[in-house]
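Below is one structure; the comments refer to it alone.
Numbering (my numbering), first residue to last: 56 to 115.
And the structure:
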């Protein structure tokens, strides 16, 4: 997995924050990927498993 800003011709995952601080919550472990998707604070396009992998790789 590669993480970057901007357009990519074929991204594996696109994450869009809709409300709150879901990326912070994912990275801190206070919420799971399933929780941020279910509460509507994040919209993700692509394989949802990559959202979990992102949260694991960038945990603080």
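Even glycine gets a Cβ: it sits at the ideal position worked out from N, Cα and C.
If you're wondering where the values come from, they're calculated on a predicted model, not measured in any experiment.
How many Å lie between residue i and residue j at the Cα?
{"i": "residue 67", "j": "residue 86", "result": "22 Å"}
{"i": "residue 89", "j": "residue 107", "result": "9 Å"}
So residue i is in the beta strand (DSSP E); what residue range does that whole segment cover?
{"i": "residue 72", "result": "68–72"}
{"i": "residue 97", "result": "97–101"}
If we count the other Cβ atoms within 10 Å of its Cβ and call it buried at 16 or more, is residue i buried or exposed?
{"i": "residue 64", "result": "exposed"}
{"i": "residue 109", "result": "buried"}
{"i": "residue 58", "result": "exposed"}
When the Cα of residue i is compared with those of the options, which residue comes out closest?
{"i": "residue 113", "options": "73, 71 and 80", "result": "80"}
{"i": "residue 103", "options": "60, 69, 115 and 83", "result": "69"}
Could you spell out where the alpha helix (DSSP H) holding residue i opens and where it closes?
{"i": "residue 85", "result": "No alpha helix (DSSP H) contains residue 85, which DSSP labels as neither H nor E."}
{"i": "residue 76", "result": "Segment: none, residue 76 is in no alpha helix (DSSP H) and carries neither H nor E."}
{"i": "residue 110", "result": "104–112"}
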